[in-house]
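Numbering (our numbering), first residue to last: 237 to 296.
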């Protein structure tokens with residue numbers, strides 16, 4: 237999942253972390269645009285099955 241997000245965002249998410257807990261995936265890291273944050277969301281959603289997604293990537 238982390239490789240997929242990194243690939244789809246062109247590596248523009250700094251300190252990217254993907255945590256998988258029971259029933260949830262949490263994305264975290266930092267980027268400079270909301271567009272990159274949205275790309276990360278779409279990349280993760282494409283790979284999800286029955287898990288929920290929380291995107292905590294900070295835009296700064």
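The beta carbon of each residue, even a glycine, is placed where N, CA and C say it ideally should be.
| query | result |
| --- | --- |
| Simplified DSSP state of residue 248, which is helix, strand or coil | coil |
| Contact set for residue 287: own chain, Cβ-Cβ below 7 Å, skip 5 residues either direction | 259, 260, 261 |
| Bridge partner(s) assigned by DSSP for residue 264 | 253, 292 |
| CA nearest to the CA of residue 296, picked from 270, 285, 280, 289 | 270 |
| Residue from 279, 245, 238 with nearest C-alpha to residue 267 | 245 |
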